[in-house]
Amino acid sequence: MTESEFNDKVDATLETIEEMLDEAETDLDYENTGGVLTVICENRSQIIFTRQAPVKQLWLATKTGGFHFDFDAALNTWVRDSDQTPLSGFLQQTFKDQAGEDFNFDL
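To get my numbering, take the position in the sequence shown, counting from 1, and add 3.
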């Protein structure tokens with residue numbers, strides 16, 4: 004994957020997450036600054052998405068730790084580098100655990 008393709012994938016993913024947050028009836032806030040998407044939960048904890056172009060990964064920081072995701076072209080989705088967990092399922096559990104919100108992420 005080229006750097007341009009990587010950036011396009013990250014941009015599309017972050018835009019989809021932002022759209023879902025906009026449409027949801029929740030108290031979650033977010034800001035996207037310089038390609039870093041920060042979701043602020045009602046309990047003031049944060050979920051932070053960052054792009055890591057040199058290694059072509061999407062990184063996610065939560066209250067439980069940091070996680071790295073690679074884009075799997077065969078599955079057409081992001082998967083965690085340590086165990087191949089799809090990003091959509093990981094986010095669903097993360098938002099439930101950290102923010103108390105139920106989302107069905109379709110990424």
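Backbone N, C-alpha and C define an ideal beta-carbon position, used for all residues, glycine too.
Using DSSP with H/G/I as helix, E/B as strand and the rest coil, what is residue i?
i      : result
Gly103 : coil
Gln96  : helix
Leaving aside the five residues before and after residue i along the sequence, list all residues of the same chain whose C-beta is less than 6 Å from its C-beta, in chain order.
i     : result
Glu45 : Asp30
Val39 : Thr53
Asp75 : Val82
Provide the residue span of the alpha helix (DSSP H) that contains residue i, from first to last.
i     : result
Asp25 : Glu6 to Glu26
Ordered along the chain, which non-local residues of its own chain (more than five positions away) have a Cβ less than 8 Å from that of residue i?
i      : result
Ala102 : Thr29, Leu31, Val42, Cys44, Glu45, Asn46, Ser48 and Ile50
Tell me where the beta strand (DSSP E) around residue i begins and ends.
i      : result
Val82  : Thr80 to Arg83
Ala64  : Gln60 to Thr65
Asn46  : Here Asn46 belongs to no beta strand (DSSP E), and DSSP marks it neither H nor E.
Phe108 : Run containing Phe108: none; DSSP gives neither H nor E here.
Thr36  : Asp32 to Thr36
Are any of the Cβ atoms in chain C nearer than 8 Å to that of residue i?
i     : result
Thr65 : Checking the listed chains, one finds no chain C in this structure; it contains a single protein chain.
Applying the criterion that 16 or more other CB atoms from any shown protein chain within 10 Å of the CB defines a buried residue, is residue i buried or exposed?
i      : result
Glu104 : buried
Leu78  : exposed
Gln60  : buried
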